[in-house]
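Structure first, commentary second.
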Amino acid sequence: MRIIFAGFGTVGQALIKVLRQDEQRIVQAYGFRPQLTTIVDSQGSCFDEAGLNIPLVLKTKEKYGTVAKYPGSGRRNDDSTRIISDSDAEVVVETTPTNFKDGEPGLSNIKTALSTGKHVVTANKGPLALAMPALLELARHRNRRLCFSGTVGGGTPFLDFAAKCMPGERIARIKGILNGTTNYILTRMENSSLTFQKALAEAQKKGYAEKDPTNDVEGFDTAAKIVIIANWILAKSFSLRDVDITGISKITPRKLRAAQALGVKVKLIGRIEESSASVRPEEIRADDPTCVPDTLNALTFSTEHAGDITLIGPGAGGERTASAIVRDLVSIRKEYAV
Amino acid sequence: MKFGGTSLSQASKMKNAAKILQKFSASNKIVAVASAIGETTDQLAAIGELAKKGDLKRARKLLSKVQASHRKIVPLIAGKAGTRELLERIEQLNSELERTVEGIAHLRELTPRSRDYLLSFGERLSTPILAETATATGLRTRPFTGAEAGITTDDNFGEAKPLVEISYHQIRQRLEPLWNRKVVPIVTGFVASTVDGSITTLGRGGSDYTAALLGAALAAEEIWIWTDVDGLMTADPRIVKDAVLLPNVSFGEALELSFFGAKMMHPRALQPAAQKKIPVRIKNSSHPSVNGTLVSASELPNGGKVVKAVSLIRDVGIVTVSGTGMMGSPGVAAKVFQTLGSNNVNVMMISQGSSEATISCVVANKEVDRAVRALQLALMGQGFVDKIAEEKDACVIAVVGSGMKGTPGVAARIFTAVARRKVNVRMVAQGSSEYNVSFVVSHTDGAEAVRAIHEEFNLGH
Ligand SMILES: NC(=O)c1ccc[n+]([C@@H]2O[C@H](COP(=O)([O-])OP(=O)(O)OC[C@H]3O[C@@H](n4cnc5c(N)ncnc54)[C@H](OP(=O)(O)O)[C@@H]3O)[C@@H](O)[C@H]2O)c1
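In order, the protein sequences belong to chains B and S.
Everything in the first sequence is counted per my numbering, starting at 1 for the first residue and increasing by one.
Everything in the second sequence is counted per my numbering, starting at 339 for the first residue and increasing by one.
Written out as structure tokens, the structure is:
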């Protein structure tokens, strides 16, 4: 299996390490050797038909900040869609930064990959949030896989749980906490009476929140996950514009305390109902199983016959996301023998 | 809104269409869809056949007729400034069209792919002309091919199926921004492209299908189909003098009416609209103020009447398969339909005798012989079937109305009314949808039966 990396940041680098560490096990268990032939980052690309030298790639990236300096085949300012369409590789792993405005560069990368007959594994939620029904249709049309385990519950396999453990069950509604950063902020605001700004600063210091926290605190990250879950588990043709979104930046410690007095907590809840979806701060009972603290995530499936089922677990990080991507690669291998 | 070929067939009609666009764009966001002008699509198809046979002379002659008709219309509709530019565009397309025809003639081959490419010129020529006509009235417009607008299909040339989610996504991306700049996109009907960019056509229902897809993608409030009639009628006015316009029908009823021959949208074309519950309005471009017929998801009764319309399809025949051995051999019916299907015979109605010893199918007159031959080959001499009989020159009467379901006695009223006029019913369809009752009578009785039912249910008010 020949693989192109589009994006080579935290997740990309974690993935390459996991693949190297687990190489023997993967070869033995699944009989295939993932071969990284092309890497594209924001400044350029490198390429080796026979497989890139991984330690050298990592060293180059660390030293120069870009793979464009990779000895021999490193090149600057390449167009990633051209590289993808010209390549003979079988799989594209897409981990460029999330963009909820137009999905780029990920959206074009994924479209190009599927159109030219390559499987795609993405950790990038942007393209799915904006165009998931279209991308799934394109994948079906081209008979290729579009995998995205790393986008939702890279840490806790919500998607696989619903798909594999609940077939035949009719899931009527889904609600949950899907963003560790905002959950941490709300927990801190409530427990230590911090203002939103203070709690955010603390989350940033601890590495839970990004420098630009907009996507997390304004609810877009949760909404993107809701879109993916709605499409994949409930077969709804939703995209980001169908989700009614409110973030947590306007919440005050006073409001949280008032809620506490009533035995409820304010959480950023993503919800999928019959024909609508929303992300907004909601008051939920403190003893509701969905009501988890800190950076934890929780998702409750309301089923017709089995009642409510809640899955609780950690959110994603670079390495967990990398391991979700490996799972996807293995499942592509099983289905297509590439 | 979509303009049919008859609504664009000459300069004055083009101008009329532009006026309609101008009028309604003042307070609405509009996307226009253009069909090919007049008979262009049929002419292009004929040119293709001639070229394939190597008859380049006649192909060229017809071709220059098509080219000239588009060239001629330009100075009549465009402003001074626009004329030159548009003429250039038309000539460019004309010479591309010429090369295509030459290519087909050289190879003596017309593949579904090259046929789609050839047919696409009808809309590709009409669209910039409509756009320029509208520009001359002061509107800001921009012409698009279906592919440029984002309509993407599978590779089934000739009757390509849209990849709807991809299309919806791209249509939104490409057309919505124009509205903010107050530009009216004008899109070729019928024409789309594959993921790789080869031109495809949407086949039957063509331009209406385009309009429905665009409307569904953009969450339109209504989809308007401009044509040369006021809308759907309670019956063919040539048969029933007091037939009246139907103000509204449901998607289900429209489906039955279109299946049974009413001159309107192809069922395939209605699908995207029905799915997103977007009403489709059929309007007459010569009488834009008439409300036309609204096809929508709601099943409004027509002033308390259970029946809405009655339609007549002429030129059909009945093929009857019978044999005592068919009783208790469940595979025979399936074999009949499979045989007819694989021989491209379209079955309009079926009926099975209560003894299970006969199966009758209604097919078009011109398909009767083919059907009989195919069935003989497939079924005779195996012990089940003794006889395959045919009757030609019959007609089907379809009585349509959603109010019929759950209203007892409708069928009885229909058949009593028909019997009173001494019309002999030859066959009744079974188990078809709850929106219609249909039956077969001799072709000499058809009109009388329609009138009887129209009167019985008071459809003419
Ligand atoms: N980190 C996580 O825990 C996590 C978990 C789940 C999902 N995700 C998602 O996974 C994706 C990657 O996350 P990350 O943490 O690895 O982000 P990151 O560290 O910022 O890495 C992004 C990578 O994309 C490259 N890139 C940027 N613009 C590009 C362009 N135009 N063409 C090609 N490459 C381009 C960057 O190049 P440079 O190296 O030159 O800057 C960088 O290598 C994001 O969409 C994120 O939302 C991350």
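Using N, Cα and C, we set each Cβ at its ideal position, and we do this for glycine too.
Inside the stretch 8-55 of chain B, DSSP marks whole alpha helix (DSSP H) runs of 4 or more residues at positions 10-21 and 23-30, from first to last along the chain. Residues are counted here when their Cβ sits less than 9 Å from a Cβ of chain B; for the stretch 502-516 of chain S these are VAL502, GLU503, ILE504, SER505, TYR506, HIS507, GLN508, ARG510 and GLN511, given in chain order. Counting every other CB atom within 10 Å of its CB across the protein chains shown gives B:CYS165 a total below 16, marking it as exposed.
Under the Cβ distance rule, S:ASP492 counts among the residues neighbouring chain B, one pair being separated by less than 8 Å. Taking 7 Å as the cut-off, the C-beta of B:SER85 does not count as close to any heavy atom of ligand 1.
One thing to note: S:ILE735 has its Cβ within 8 Å of the Cβ of S:VAL788.
Annotation note: the stretch 216-293 of chain B contains the following uninterrupted alpha helix (DSSP H) runs of length 4 or greater, listed N- to C-terminal: 220-234 and 253-261. Interface flag for S:VAL404 against chain B is unset, since no Cβ pair is found closer than 8 Å. Nearest CB-CB separation between B:PRO127 and chain S: not below the 8 Å threshold. In terms of Cα proximity to B:ILE4, the closest of B:PHE220, B:ASP88 and B:ALA277 is B:ASP88. By the C-beta criterion, the stretch 231-248 of chain B is judged not to be in contact with the stretch 344-352 of chain S, since fewer than 3 inter-stretch pairs fall below 8 Å. In this model, S:SER407 and S:ILE467 are separated by some 12 Å (Cα to Cα). The Cβ-Cβ distance between S:THR473 and S:LEU570 does not fall below 8 Å.
For B:ASN179, no beta strand (DSSP E) encloses it, and the DSSP letter there is neither H nor E.
Apart from the 5 residues on each side of it in sequence, S:ILE509 sits with its Cβ closer than 8 Å to the Cβ of ALA487, GLY488, ILE489, LEU551, LEU552, ALA555 and LEU556 in its chain, given in chain order. Legend: CB atoms of the stretch 105-132 of chain B lying less than 7 Å from CB atoms of chain S belong to residues SER115 and ALA131. Membership of S:PHE675 in the alpha helix (DSSP H) is indicated by the continuous run 669-680.
Boundaries of the alpha helix (DSSP H) harbouring B:MET132: 126-141, taken from the DSSP string. For B:LEU200, DSSP records no beta bridge to any residue. DSSP places B:VAL330 inside the alpha helix (DSSP H), whose first and last residues are 318-336. B:LYS101 and B:GLY65 have their alpha carbons spaced roughly 26 Å apart.
Taking 9 Å as the upper bound on Cβ-Cβ separation, chain B lies near residues VAL533 and ASP534 of the stretch 530-552 of chain S. For B:ASP86, the three-state secondary structure derived from DSSP is helix. The Cβ-Cβ distance between S:VAL529 and S:ALA485 falls below 8 Å. At a cut-off of 8 Å between C-beta atoms, B:ALA223 does not count as an interface residue with respect to chain S.
For ligand 1, a non-hydrogen atom lies closer than 7 Å to the CB of B:PHE8. With the rule of 3 Cβ pairs closer than 8 Å, the stretch 654-664 of chain S counts as touching the stretch 708-726 of chain S. In the three-state scheme derived from DSSP, where H, G and I count as helix and E and B as strand, S:SER692 is classed as coil. Sequence-distant partners of S:ALA549 (beyond 5 residues in either direction) whose C-beta falls short of 6 Å from its own C-beta, in its chain, are LYS340, VAL371 and ILE561. Selection B:VAL11, B:ILE26 and B:VAL243 evaluated against B:ILE226 yields B:VAL243 as nearest (Cα-Cα). Closer than 8 Å to the CB of B:ALA277 there is not a single CB belonging to chain S. By the Cβ criterion, the stretch 539-548 of chain S is not in contact with the stretch 741-757 of chain S, since fewer than three pairs of Cβ atoms, one from each stretch, lie closer than 8 Å. Chain order gives the chain S residues near B:LEU138 as THR490, LEU501, GLU503, ILE504 and VAL533, where near means a beta carbon separation below 9 Å.
For S:LYS499, DSSP records no beta bridge to any residue.
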